[in-house]
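In the working numbering, the protein residues as written are 381 to 720.
Beta carbons: idealized from backbone N, C-alpha and C, even for Gly.
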């Protein structure tokens, strides 16, 4: 079963103008593959980093698109456990800025029927990242404290919701204008622009947090995350925002990040504190069972209304460039979604 698809493709790196629509021929799904009609695709900061040529392992020409929700249109040979017409979701890294696509079926997870596609796709990359960091990497118990940086963002907001569901107390950093969003999800707000974050977190928690979730990296990791930990705590690093702020390489920030990576093993040992890096794609590839289990759980929580990823804006697939520009502007809170 062949066919065509519309996709937003980038033949080269550059600004948002390099994202151009095109029609492409789709071959029949191969062995172990499924053909999926895409209902919604998420827009991720990683897509912007790819567009500027800074994302490890991904080079132009490429069609971006880190995740999607859609329906199976056809199955290739040797695919088991799925059926034509079934709703599915997947973490794809690339290729999902498209109306249809072929994908390895091992990355597919059954998706609930009732929620809108945009609500579900907002929980794929962001929700899986938050769930695995909170439950599988950090490890926290009821009444313990965690620190969430970027708490009004897509991942940060979901971390606050997961903490509340688990009875874990959360502190969230965000600008003053986003205080209400943090508090609505059960977090205690710290204005990172006006307050000493680690000092405030230590005071609020009464001695330190058991986990700090850091998407910034560089000097921030030590000053705002490691310094806020209690003995036995863990800083979870899942990004390097400072080094690619605005989707552009920031050489000075990159240098600071490299220099700041030097940590004293003796200090870590004596206080039983740790730093761990988390990459959602590495976890998907190395631990396929937990990937499918965790993503299915996140999608179920969305269907139940237990967690509610915030949707910032829904745009047509053809406006992928505008969507990335909006994400770069940092003016919107929540997930930006593309619909074919």
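Nearest residue (CA-CA) to residue i, options the options
i	options	result
residue 450	443, 441, 440, 415	415
residue 581	560, 517, 552, 505	552
residue 511	408, 696, 673	673
residue 619	475, 599, 702, 441	599
residue 389	401, 396, 397	401
residue 712	663, 564, 681, 557	557
residue 466	659, 418, 509	418
residue 570	548, 514, 530, 609	530
residue 576	608, 546, 700	608
residue 676	540, 653, 488, 685	488
residue 463	666, 413, 516, 471	413
residue 435	426, 394, 384	426
residue 406	444, 508, 458, 479	479
residue 701	431, 383, 658	431
residue 537	437, 699, 688, 659	688
residue 681	602, 715, 696, 493	493
residue 484	452, 495, 503	452
residue 387	668, 475, 578, 422	475
residue 683	490, 602, 539, 535	490
Bridge partners - residue i, DSSP secondary structure assignment
i	result
residue 430	Per DSSP, none; premise fails for residue 430.
residue 716	423, 693
residue 569	552
residue 593	528, 616
residue 447	471
residue 454	415
residue 610	Beta-bridge pairing links residue 610 to no other residue.
residue 478	387
residue 402	387
residue 465	Answer is none; residue 465 lacks a bridge partner.
Contacts around residue i, its chain only, beta-carbon distance under 7 Å, and the 5 residues preceding and following it disregarded
i	result
residue 424	446, 505
residue 532	554, 558, 561, 562, 713
residue 342	An answer regarding residue 342 cannot be provided, because it is not within the stretch 381 to 720 covered by the chain.
residue 694	498, 717, 719
residue 422	446, 447, 501, 502, 504, 505, 715, 717
Own chain, CB closer than 8 Å to residue i, minus 5 neighbours either side, in chain order
i	result
residue 710	none
residue 543	514, 520, 526, 528, 549, 550, 566, 567
residue 670	512, 516, 663
residue 564	none
residue 654	613, 614, 615, 648
residue 441	389, 390, 391, 392
residue 588	525, 581, 582, 608, 609, 610, 611, 613
residue 705	396
residue 685	none
Residue i burial status per 10 Å Cβ neighbour count (16 or more: buried)
i	result
residue 473	buried
residue 520	buried
residue 482	buried
residue 583	exposed
residue 439	exposed
residue 522	exposed
residue 392	exposed
residue 461	exposed
residue 656	exposed
residue 547	exposed
residue 545	exposed
residue 469	buried
residue 394	exposed
residue 541	buried
residue 594	buried
residue 397	exposed
residue 666	exposed
residue 509	buried
residue 403	exposed
residue 503	buried
residue 495	buried
residue 574	exposed
Heavy atom of the ligand GTP within 7 Å of residue i beta-carbon
i	result
residue 503	No copy of the ligand GTP appears in this structure; indeed no ligand is present at all.
Sequence-distant residues of the same chain with beta carbon closer than 6 Å to residue i, five excluded per side
i	result
residue 420	449, 497, 498, 501, 717, 719
residue 568	551, 584
residue 572	553
residue 518	591, 614, 616
residue 638	With a pLDDT of 44 at residue 638, under the threshold of 50, the modelled position of that residue is not reliable, and the figure given next carries that caveat. Nothing listed; no residue qualifies.
residue 385	404, 406, 478, 479, 480
residue 606	615
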